[in-house]
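Chemist: First the structure, which I've put down as structure tokens, then a few questions once you've had a look.
There are 2 protein chains.
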Amino acid sequence: MINLQETGRRAEEAKKILAKCSTGQKNEALRACADALERDAAIIIRENAKDMEKGRAKGMSAGLLDRLLLNEARIAGMADGLRQVAALPDPIGEVVRMSTRPNGLIVGQKRVPLGVVGMIYEARPNVTPDAFGLCFKTGNAVILKGGSDALCSNIAIVDSLWSGLEKCGLPKDVLQLITDTDRQTAVELMRLNEYLDVLIPRGGAGLIRTVVQNSTVPVIETGVGNCHIYVDESADLAMAENIIINAKTQRVGVCNACESLVVHSAVLEKLLPSLTEKLSAFSVEMRCDERALAFVKGGVPATEEDWGTEYLDYILSVKTVDSFDEAVAHINRYNTGHSEAIITESYTNAQRFLEEIDAACVYVNASTRFTDGNEFGLGAEIGISTQKLHARGPMGLEALTTTKHIIYGSGQVRQ
Amino acid sequence: MINLQETGRRAEEAKKILAKCSTGQKNEALRACADALERDAAIIIRENAKDMEKGRAKGMSAGLLDRLLLNEARIAGMADGLRQVAALPDPIGEVVRMSTRPNGLIVGQKRVPLGVVGMIYEARPNVTPDAFGLCFKTGNAVILKGGSDALCSNIAIVDSLWSGLEKCGLPKDVLQLITDTDRQTAVELMRLNEYLDVLIPRGGAGLIRTVVQNSTVPVIETGVGNCHIYVDESADLAMAENIIINAKTQRVGVCNACESLVVHSAVLEKLLPSLTEKLSAFSVEMRCDERALAFVKGGVPATEEDWGTEYLDYILSVKTVDSFDEAVAHINRYNTGHSEAIITESYTNAQRFLEEIDAACVYVNASTRFTDGNEFGLGAEIGISTQKLHARGPMGLEALTTTKHIIYGSGQVRQ
Numbered sequence: 001m002i003n004l005q006e007t008g009r010r011a012e013e014a015k016k017i018l019a020k021c022s023t024g025q026k027n028e029a030l031r032a033c034a035d036a037l038e039r040d041a042a043i044i045i046r047e048n049a050k051d052m053e054k055g056r057a058k059g060m061s062a063g064l065l066d067r068l069l070l071n072e073a074r075i076a077g078m079a080d081g082l083r084q085v086a087a088l089p090d091p092i093g094e095v096v097r098m099s100t101r102p103n104g105l106i107v108g109q110k111r112v113p114l115g116v117v118g119m120i121y122e123a124r125p126n127v128t129p130d131a132f133g134l135c136f137k138t139g140n141a142v143i144l145k146g147g148s149d150a151l152c153s154n155i156a157i158v159d160s161l162w163s164g165l166e167k168c169g170l171p172k173d174v175l176q177l178i179t180d181t182d183r184q185t186a187v188e189l190m191r192l193n194e195y196l197d198v199l200i201p202r203g204g205a206g207l208i209r210t211v212v213q214n215s216t217v218p219v220i221e222t223g224v225g226n227c228h229i230y231v232d233e234s235a236d237l238a239m240a241e242n243i244i245i246n247a248k249t250q251r252v253g254v255c256n257a258c259e260s261l262v263v264h265s266a267v268l269e270k271l272l273p274s275l276t277e278k279l280s281a282f283s284v285e286m287r288c289d290e291r292a293l294a295f296v297k298g299g300v301p302a303t304e305e306d307w308g309t310e311y312l313d314y315i316l317s318v319k320t321v322d323s324f325d326e327a328v329a330h331i332n333r334y335n336t337g338h339s340e341a342i343i344t345e346s347y348t349n350a351q352r353f354l355e356e357i358d359a360a361c362v363y364v365n366a367s368t369r370f371t372d373g374n375e376f377g378l379g380a381e382i383g384i385s386t387q388k389l390h391a392r393g394p395m396g397l398e399a400l401t402t403t404k405h406i407i408y409g410s411g412q413v414r415q
Numbered sequence: 416m417i418n419l420q421e422t423g424r425r426a427e428e429a430k431k432i433l434a435k436c437s438t439g440q441k442n443e444a445l446r447a448c449a450d451a452l453e454r455d456a457a458i459i460i461r462e463n464a465k466d467m468e469k470g471r472a473k474g475m476s477a478g479l480l481d482r483l484l485l486n487e488a489r490i491a492g493m494a495d496g497l498r499q500v501a502a503l504p505d506p507i508g509e510v511v512r513m514s515t516r517p518n519g520l521i522v523g524q525k526r527v528p529l530g531v532v533g534m535i536y537e538a539r540p541n542v543t544p545d546a547f548g549l550c551f552k553t554g555n556a557v558i559l560k561g562g563s564d565a566l567c568s569n570i571a572i573v574d575s576l577w578s579g580l581e582k583c584g585l586p587k588d589v590l591q592l593i594t595d596t597d598r599q600t601a602v603e604l605m606r607l608n609e610y611l612d613v614l615i616p617r618g619g620a621g622l623i624r625t626v627v628q629n630s631t632v633p634v635i636e637t638g639v640g641n642c643h644i645y646v647d648e649s650a651d652l653a654m655a656e657n658i659i660i661n662a663k664t665q666r667v668g669v670c671n672a673c674e675s676l677v678v679h680s681a682v683l684e685k686l687l688p689s690l691t692e693k694l695s696a697f698s699v700e701m702r703c704d705e706r707a708l709a710f711v712k713g714g715v716p717a718t719e720e721d722w723g724t725e726y727l728d729y730i731l732s733v734k735t736v737d738s739f740d741e742a743v744a745h746i747n748r749y750n751t752g753h754s755e756a757i758i759t760e761s762y763t764n765a766q767r768f769l770e771e772i773d774a775a776c777v778y779v780n781a782s783t784r785f786t787d788g789n790e791f792g793l794g795a796e797i798g799i800s801t802q803k804l805h806a807r808g809p810m811g812l813e814a815l816t817t818t819k820h821i822i823y824g825s826g827q828v829r830q
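Here you go:
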């Protein structure tokens, strides 16, 4: 097993050097890293092929294999991602407020790096340069632990990024990859409070639960999305159909996809038969409560478990309600705090939905699929927080910073 | 043992009712609670006397007994605290940003309550109405677990606050006190993720460590302050003396008091003899490294342990350095991320200190004692965060809120 204390100490030293880098130096290094990835594409693809072969041999699903796969285009995408981060404004150093107190003390709050960020994620090698880029831009050292199924890919990517850093005279240790796949190492990482300022898990519900349960380092929970669309009595049903089809089928394996439809009983009959037909073109399985089932050709009965399930698949649960209040109660009971939408023409219900639904992102008359750093104008995202502390919803560069109070005095003492 | 699931469910229900209260209703209730405390002062003092008697019998220190004691003046102070919170602006509902995206989606971020806040604290009954007031004002239900040595006092205070809430037609369950002193109950509270949005420990280093180590609920660490004052080569020594005496002696048992002095070797001889004399009037024990010891009459040799100790007492450690860099390295090694000060006339060193010291509050030429919600203009504080996530430094009302994204659409779907 590797010595995580040593990993922590290295990150500690590296972050001090990084903290002194100007925005220009950081951007130059990000572009050098992007160039390195493109230059090393053949090596990375070769190493990725080893992971792919092992994955196939152990029977990984097509979806997981697709997430694992790297090719020229995807590596170019990773490089472009780093260049985009280089082009974003640097939040570090911004003084978010400053004022003079009655005693003359000038008290300000300045944005600074968190320090050392830990990331635990699954076999998605694209997360490696993504996470590095965002953490680096915000002056944080990063310790990555990617899924063991992507180990060869990650090692090749990190080697390439290191060469970019070295070219710019920056310490490799701002980016460390834990290559030890021992579970005990992951647990130790979750308890590395002395060095880690935050731990961000990215992946499925199981991974996130494990990190929340075992980590003593502060965690930002990301990602699980059991997202609902509620079709109100007053909804424009053509708009509703359009939004539901988009939110369910535009991309099914993502956390902001719609998993559950909540329908006011007054519009069941007008909405469901036509919607069912359109969704059947995408082979969406509809799991319905008894009243909805009557209008869904080929539907299957829903169980209690369905209401709480994030399918990440061509499946949609359908729940009937008799009132707006019942819809809100149902959604607040089963939602995971991610993204929730109402389709309505009622001003009052629109405003009440925004007010009463407890989630990171609450929509009126739009697809839940917009919950995304780019779509919200953050430029890039490190994940979508479903917790309430520190950051909620899509997390951009700012979520990787903290502030410190800076106080300019002239000899003040407290009375 | 009590059923914490039931406690959680009650808080869940109560927070929904509280969320619908206007600022006016909340302020009215806070004032009613303040009136109730003053009306019930005799009862509270009688119950407090029981705690005091038990405390004396078990040999509690004078300092702890003083923190436990309630009298008319202190109860009036608690009531005034609630009235001051009522007078503060309500952060809830503020839209902190809102803009229109290129596709016409209007994306805003609105300040909302965290939900349910847990507090674990020691035998300081004044924390009970303080924590309640700040959480209530920000629309949060609160679950309190105060030190068992203050149980009778806390029960009486909560009873009184409940009568204020009831008078205003608000549910008592927005304020719940865990009266079960079983340690297992505390551990369960730390794992009540289903209901608690955050847990804030307030107290000594031991309590905070226990909560950080055992909690799966997100924690905000507060309070431990091993605060340094560095006297630079260029310092105005009269100013330095004045600030050091204030930061060490104005109030010794608090987290923003100075615990350690770091002195540039060039000013050892000019600073220490005179400072020692003045501090001796307060019977401050000086624990010095070898070089400082030569100039400190009655000083005792410091050990390695002293550099890392928050004394909360009339003790000051004194460390000699030969350069600014050495001072920064020493402070960044031993500080607890609370409050650190430099006394200097050097522009460059002042700016570098603000930049390079890693702490919640970094001062130039002022006493560390100013780290406080009121002094910083926040109006009130629930504690001082020494962690980097969510809130850092004095936490006012805003620290008890989160944001949610509200999105106004007109049928947008994602391409």
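Protein sequence lines, in the order shown, are assigned to chains A and B. In this text, residue positions in the first sequence follow this note's numbering: the first is 1, and each later residue adds one. In this text, residue positions in the second sequence follow this note's numbering: the first is 416, and each later residue adds one. In this text, a Cβ means the ideal position worked out from N, Cα and C, and glycines have one as well. Please read all numbers here as calculations on a predicted model, not as lab measurements.
Can you find the residues in the same chain that come closer than 6 Å, C-beta to C-beta, to A:Ala79, ignoring five residues on each side of it along the sequence?
Modeler: Indexing the first sequence from 1 puts residue 79 of chain A at position 79. So the qualifying residues of the chain are Ala34, Leu37 and Glu38.
Chemist: Any idea what DSSP makes of A:Met60, helix, strand or coil?
Modeler: In the first sequence, the residue the question calls residue 60 of chain A occupies position 60. If DSSP states are grouped into helix, strand and coil, A:Met60 belongs with coil.
Chemist: Kindly indicate if chain B contains any beta-carbon less than 8 Å away from that of A:His390.
Modeler: Indexing the first sequence from 1 puts residue 390 of chain A at position 390. With 8 Å as the cut-off, A:His390 counts as an interface residue toward chain B.
Chemist: Per DSSP, B:Gly523 forms a beta bridge with which residues?
Modeler: On the second sequence, position 108 is the one that residue 523 of chain B refers to. B:Met513 and B:Ile821.
Chemist: Could you tell me which of B:Gln830, B:Glu741, B:Gly723 and B:Leu708 sits nearest to B:Arg767, measuring between CA atoms?
Modeler: Within the second sequence, residue 767 of chain B is the residue found at index 352, counting from 1. B:Arg767 has its Cα closest to that of B:Glu741, out of B:Gln830, B:Glu741, B:Gly723 and B:Leu708.
Chemist: Just the C-alpha distance for B:Ile572 and B:Arg489, rounded to the nearest angstrom, thanks.
Modeler: The residue you call residue 572 of chain B lines up with position 157 of the second sequence. The residue you call residue 489 of chain B lines up with position 74 of the second sequence. Roughly 12 Å separates the two Cα atoms.
Chemist: For A:Ser260, count the other beta carbons within 10 Å of its own beta carbon; 16 or more makes it buried, fewer makes it exposed. Which is it?
Modeler: Taking the first residue of the first sequence as 1, we reach residue 260 of chain A at position 260. Buried, by the Cβ-count rule.
Chemist: Could you name the residues of the same chain whose beta carbon sits closer than 6 Å to that of B:Thr515, not counting the 5 residues immediately before and after it, in chain order?
Modeler: Taking the second sequence and counting its residues from 1, the one referred to as residue 515 of chain B is at position 100. For B:Thr515, where only same-chain residues beyond five positions count, the Cβ hits under 6 Å are Ile521.
Chemist: Pick from B:Asn789, B:Thr801, B:Tyr536 and B:Val500: whose alpha carbon is nearest that of B:Leu622?
Modeler: Indexing the second sequence from 1 puts residue 622 of chain B at position 207. Ranking B:Asn789, B:Thr801, B:Tyr536 and B:Val500 by Cα distance to B:Leu622 puts B:Tyr536 first.
Chemist: Identify the contact partners of A:Met119 in chain B, using a Cβ-Cβ distance below 7 Å as the criterion.
Modeler: Here residue 119 of chain A refers to the residue found at position 119 when the first sequence is read from its first residue. Going along chain B, no residue has its Cβ under 7 Å from A:Met119, so there is no contact; the nearest lies around 15 Å.
Chemist: If we call anything under 8 Å between Cβ atoms a contact, is A:Glu345 one with A:Ile357?
Modeler: Translated into the one-based positions of the first sequence, residue 345 of chain A becomes position 345. Translated into the one-based positions of the first sequence, residue 357 of chain A becomes position 357. In this structure, A:Ile357 does not lie closer than 8 Å to A:Glu345 by Cβ.
Chemist: Checking 8 Å against the spacing of the C-beta atoms, do B:Leu804 and B:Thr553 come in under that value?
Modeler: Taking the first residue of the second sequence as position 1, residue 804 of chain B is located at position 389. Taking the first residue of the second sequence as position 1, residue 553 of chain B is located at position 138. Contact: no.
Chemist: For chain B, is any of its Cβ atoms less than 8 Å away from the one on A:Ser234?
Modeler: Looking up residue 234 of chain A in the first sequence gives position 234. Interface residue (Cβ-Cβ distance to chain B less than 8 Å): A:Ser234 is not classified as such.
Chemist: Cutting at 7 Å between CB atoms, please list the residues of its own chain near A:Val296, excluding the five before and the five after it.
Modeler: Walking along the first sequence from the start, residue 296 of chain A turns up at place 296. So the list reads Leu272, Thr276, Met286, Cys288 and Val318, once near-sequence residues are dropped.
Chemist: Taking the C-alpha atoms as reference points, what is the distance between B:Asn764 and B:Phe739?
Modeler: Locating residue 764 of chain B in the second sequence gives position 349, where the first residue counts as 1. Locating residue 739 of chain B in the second sequence gives position 324, where the first residue counts as 1. Cα to Cα, the separation comes out at about 7 Å.
Chemist: Whose Cβ in chain B lies nearer than 7 Å to the Cβ of A:Thr216?
Modeler: Taking the first sequence and counting its residues from 1, the one referred to as residue 216 of chain A is at position 216. Ordered by position in chain B, the residues that pass the 7 Å Cβ test against A:Thr216 are Val627 and Gln628.
Chemist: Is the separation between the beta-carbon of B:Pro544 and that of B:Leu479 shorter than 8 Å?
Modeler: On the second sequence, position 129 is the one that residue 544 of chain B refers to. On the second sequence, position 64 is the one that residue 479 of chain B refers to. Taking 8 Å as the Cβ cut-off, B:Pro544 and B:Leu479 do not qualify as a contacting pair.
Chemist: Strictly by DSSP, which residues pair up with A:Ile120?
Modeler: Numbered from 1 along the first sequence, position 120 holds the residue referred to as residue 120 of chain A. Paired residue(s): A:Lys145 and A:Pro201.
Chemist: For chain A, is any of its Cβ atoms less than 8 Å away from the one on B:Gln591?
Modeler: The sequence position of residue 591 of chain B within the second sequence is 176, counting from 1. It does not; no Cβ of chain A falls within 8 Å.
Chemist: Identify whether B:Met467 lies in helix, strand or coil by the three-state DSSP scheme.
Modeler: Position 52 of the second sequence holds residue 467 of chain B. If DSSP states are grouped into helix, strand and coil, B:Met467 belongs with the helices.
Chemist: Which class does A:Glu269 belong to by DSSP, given the choice of helix, strand or coil?
Modeler: Your numbering for residue 269 of chain A matches position 269 in the first sequence. If DSSP states are grouped into helix, strand and coil, A:Glu269 belongs with the helices.
Chemist: Any C-beta of chain D within less than 8 Å: which residues of the region 180-203 of chain A qualify?
Modeler: The structure shown has no chain D; the protein chains it does contain are A and B.
Chemist: If A:Ile421 and A:Pro113 are in contact, beta carbons under 8 Å, what's the gap, nearest whole angstrom?
Modeler: In the structure as shown, chain A starts at 1 and stops at 415, and residue 421 of chain A therefore has no counterpart that could be examined.
Chemist: Which residues of the region 339-357 of chain A have a Cβ closer than 7 Å to any Cβ of chain B? Give them in chain order.
Modeler: For the region 339-357 of chain A, which is checked against every Cβ of chain B, the residues closer than 7 Å are Leu354.
Chemist: State the Cα-Cα distance for the pair B:Gly584 and A:Val231, rounded to the nearest angstrom.
Modeler: Within the second sequence, residue 584 of chain B is the residue found at index 169, counting from 1. Within the first sequence, residue 231 of chain A is the residue found at index 231, counting from 1. Distance between the alpha carbons of B:Gly584 and A:Val231 is about 34 Å.
Chemist: Roughly how many angstroms separate the alpha carbons of B:Glu609 and A:Ala49, rounded to a whole number?
Modeler: On the second sequence, residue 609 of chain B is found 194 positions in, with the first residue counted as 1. On the first sequence, residue 49 of chain A is found 49 positions in, with the first residue counted as 1. Each residue's Cα considered, the two are about 42 Å apart.
Chemist: Kindly say whether B:Val510, judged by its beta-carbon, lies nearer than 8 Å to any beta-carbon of chain A.
Modeler: Stepping through the second sequence from its first residue, residue 510 of chain B is reached at position 95. So no, B:Val510 is outside the interface.
Chemist: Can you check which of these residues, B:Ile821, B:Lys473 and B:Glu603, is closest to B:Gln524 by C-alpha distance?
Modeler: As a working mapping, residue 524 of chain B is identified with position 109 in the second sequence. Nearest C-alpha to B:Gln524: B:Ile821.
Chemist: Please report the distance separating the alpha-carbon of A:Ala62 from that of B:Ser437.
Modeler: Walking along the first sequence from the start, residue 62 of chain A turns up at place 62. Walking along the second sequence from the start, residue 437 of chain B turns up at place 22. Spanning the alpha carbons of A:Ala62 and B:Ser437 requires a straight line of approximately 52 Å.
Chemist: Along the chain, which unbroken stretches of the beta strand (DSSP E) at least 3 residues long are found entirely within the region 167-227 of chain A?
Modeler: Positions of the beta strand (DSSP E) runs, each at least 3 residues long and wholly inside the region 167-227 of chain A, are given as 175-177 and 198-202 in order along the chain.
Chemist: Using only the alpha-carbon positions, how far apart do A:Arg10 and B:Val532 sit?
Modeler: The sequence position of residue 10 of chain A within the first sequence is 10, counting from 1. The sequence position of residue 532 of chain B within the second sequence is 117, counting from 1. Taking C-alpha positions only, A:Arg10 is separated from B:Val532 by approximately 36 Å.
Chemist: Give me the chain A residues within the contact set of B:Ile822, using Cβ-Cβ distance strictly less than 8 Å, ordered along the chain.
Modeler: One-based indexing of the second sequence puts residue 822 of chain B at position 407. In chain order: Cys361, Val362, Tyr363, Val364, Ala366 and Phe370.
Chemist: Measuring CB atoms only, is the region 789-804 of chain B touching the region 677-687 of chain B, in the sense that at least three cross pairs come out at less than 8 Å?
Modeler: no
Chemist: Going by DSSP in three states, B:Lys441 sits in which element: helix, strand or coil?
Modeler: As a first step, residue 441 of chain B is located in the second sequence; it is residue number 26 there, counting from the start. Looking at B:Lys441 - three-state DSSP - the assignment turns out to be helix.
Chemist: Could you tell me the distance, in whole angstroms, from the CA atom of A:Met239 to the CA atom of A:Gln250?
Modeler: Start at 1 with the first residue of the first sequence, and residue 239 of chain A comes out as number 239. Start at 1 with the first residue of the first sequence, and residue 250 of chain A comes out as number 250. Between the alpha carbons of A:Met239 and A:Gln250 lies a gap of roughly 16 Å.
Chemist: Bridge partners for A:Met395 per DSSP, in chain order?
Modeler: Locating residue 395 of chain A in the first sequence gives position 395, where the first residue counts as 1. The partner list for A:Met395 (beta bridge, DSSP) reads A:Gly383.
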